[in-house]
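Numbering (this note's numbering), first residue to last: 44 to 585.
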């Protein structure tokens, strides 16, 4: 009975217990409310505090004494340049001058927009501007296994060795030894247009033919193997992967490069895709390298850049450095030459008057009964040389040259570009500099006959200028000669060939035209048919 009714036997103790319990519950409720309030205040205040601190850091990160657009909190000028960045930089140059700064996130970047400034900053300060910055997506995620290309590597002793090896393989005497490769690949390009286009009766999209040409030439020069058909499994794999990798090299398309918080996202599909492309690229690079090693061991390899370097005891390049040269050869042709030719053919299809002027110049040396011209012709037709330069200038497919990093202070017009700065060469703006050309927005090859020594920035400028420019020019010259002398290119699809409006992906590193179809009508059917028979015979002997 003692415990049957606690109220009856211990009323005061029970009341005291209830009072204590109520006090505890009340305190707990107040604490709960206080914690909840603190949590709410923290959730509201933390982002505000972060933004304020970030703005303080961003403001103090700007280069003193240099003008430029202010930008937005956290992202700086990233929103302004999300599409057609090079054209936006060109517009800003009218307001802020030819050299100014922007901020990508908190990162200050100096942008060079005139021919004069480019030659001074990169030409006269070649050593100071000899390095490259490292970006999270491309350098830390995508390139952490196979490494980087020569063009994207920071300055180092290893870079100097790789550049020396590449320069030796791409100088004028070496390019002369590649003429037989240029001959068969450009012939095969004409053959594919002729075959798939049913001798001018069926419209075709030339992009796959252009891609096969560039890829096969890269494989031949670097590994000694041709890609003879678009049906080869390597064709689809390499062209797709390299196109995706090109997007990761974009200086504007990877927000996590400039906003570190975005790297913490556990569902970061951008990094996941970069790793996928890295693994797929590693696979075909390994297969190509192993295939060459096997042929060298059996003594059946053909002369190529990789084999020459491997067997050159003085080169002293390790495996990673050899891979870097391979990546350079592979990505360089696919990125620039492919896109350049695609724009050029599109332009010709919409402008027959350009074709006829060029053909009239070719006719001074080669008749229509010689559609293949002469592969040994070392750029003797000056109008076609001018046409190559003008197409490189007008379209400027790599509109923002790969960014530089300064390793010393550089002074320009009283402004100091500090050591460690990121510097963009706006090749697009420099190639359209009104101080150089009175009509920069017009496609006019004759300008290069009038001003043969005028600067061209498509290949860059200074120490980090593209080492493959001689090879690219020779390839484009022979290709343009044969294309124009073989076909009358007729419009099938109406395509906008304006370099800005017609850009298929305004966020990409490389400006590509919209896909299109055209008719490739033989100028002399009998002569071209005979040349194609000869091309088939040459291909079978390979």
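Quick reminder that beta carbons are idealized off the backbone N, C-alpha and C, glycines included.
In this text, all values refer to a predicted model and were calculated from it rather than measured experimentally.
So the candidates are the options; which of them puts its Cα closest to the Cα of residue i?
i: residue 439; options: 124, 268, 483 and 165; result: 483
i: residue 158; options: 498, 257, 437 and 419; result: 498
i: residue 561; options: 578, 308 and 386; result: 386
i: residue 283; options: 248, 292, 303 and 324; result: 324
i: residue 522; options: 383, 485, 475 and 214; result: 383
i: residue 430; options: 450, 401 and 406; result: 401
i: residue 494; options: 433, 525, 541 and 280; result: 433
i: residue 583; options: 420, 272 and 254; result: 272
i: residue 462; options: 152, 123 and 444; result: 152
i: residue 180; options: 174, 195 and 173; result: 195
i: residue 297; options: 338, 238, 178 and 110; result: 178
i: residue 105; options: 459, 545 and 546; result: 459
i: residue 505; options: 435, 337 and 447; result: 447
i: residue 532; options: 361, 393 and 488; result: 393
i: residue 416; options: 524, 229 and 288; result: 524
i: residue 304; options: 536, 580, 537 and 93; result: 93
i: residue 229; options: 548, 538, 535 and 528; result: 528
Check whether the Cβ atoms of residue i and residue j sit closer than 8 Å, and answer yes or no.
i: residue 264; j: residue 348; result: yes
i: residue 563; j: residue 240; result: yes
i: residue 378; j: residue 553; result: yes
i: residue 168; j: residue 453; result: yes
i: residue 140; j: residue 121; result: no
i: residue 236; j: residue 247; result: yes
i: residue 294; j: residue 165; result: no
i: residue 373; j: residue 261; result: yes
i: residue 570; j: residue 414; result: yes
i: residue 449; j: residue 129; result: no
i: residue 98; j: residue 226; result: no
i: residue 95; j: residue 302; result: no
i: residue 210; j: residue 510; result: yes
i: residue 222; j: residue 258; result: no
i: residue 250; j: residue 442; result: no
i: residue 426; j: residue 411; result: no
i: residue 520; j: residue 512; result: no
i: residue 327; j: residue 277; result: yes
Please list the terminal residues of the continuous beta strand (DSSP E) segment that includes residue i.
i: residue 15; result: Look at the range of the chain in this structure, 44 to 585, and you will see that residue 15 is not part of it.
i: residue 531; result: 530-534
i: residue 458; result: 458-460
i: residue 143; result: 142-147
i: residue 178; result: Counting along the chain, residue 178 falls outside any beta strand (DSSP E), and DSSP gives it neither H nor E.
i: residue 486; result: No beta strand (DSSP E) contains residue 486, which DSSP labels as neither H nor E.
i: residue 455; result: 453-455
For residue i, is the classification buried or exposed, using 16 other Cβ atoms within 10 angstroms of its Cβ as the cut-off for buried?
i: residue 126; result: exposed
i: residue 471; result: buried
i: residue 114; result: buried
i: residue 517; result: buried
i: residue 285; result: buried
i: residue 131; result: buried
i: residue 364; result: buried
i: residue 492; result: exposed
i: residue 526; result: buried
i: residue 192; result: buried
i: residue 317; result: buried
i: residue 568; result: exposed
i: residue 253; result: buried
i: residue 219; result: exposed
i: residue 556; result: buried
i: residue 161; result: buried
i: residue 576; result: exposed
i: residue 546; result: buried
i: residue 300; result: buried
i: residue 541; result: exposed
i: residue 395; result: exposed
i: residue 102; result: exposed
Give the range of the alpha helix (DSSP H) segment to which residue i is assigned.
i: residue 291; result: 276-291
i: residue 218; result: 215-220
i: residue 247; result: No alpha helix (DSSP H) holds residue 247; DSSP gives it neither H nor E.
i: residue 352; result: 348-353
i: residue 468; result: Unbroken run through residue 468 is the beta strand (DSSP E), 465-468; no alpha helix (DSSP H).
i: residue 327; result: 312-341
i: residue 366; result: 362-375
i: residue 159; result: 158-161
i: residue 357; result: Element bounds for residue 357: n/a, residue is neither H nor E.
i: residue 544; result: Premise fails: residue 544 is in no alpha helix (DSSP H) and is neither H nor E.
i: residue 131; result: 128-139
If we define contact as Cβ-Cβ less than 8 Å, is residue i a contact residue for chain D?
i: residue 538; result: The chain labelled as chain D is not found in the depicted structure, where only one protein chain is given.
Does the beta carbon of residue i fall short of 7 Å from some heavy atom of the ligand ZN?
i: residue 453; result: This structure simply doesn't include the ligand ZN, nor any ligand for that matter.
Mind pulling the beta strand (DSSP E) runs of 3 or more residues that sit fully within the segment 554-578? 561-565
Whole alpha helix (DSSP H) elements within the segment 385-434, 4-residue minimum: 395-405
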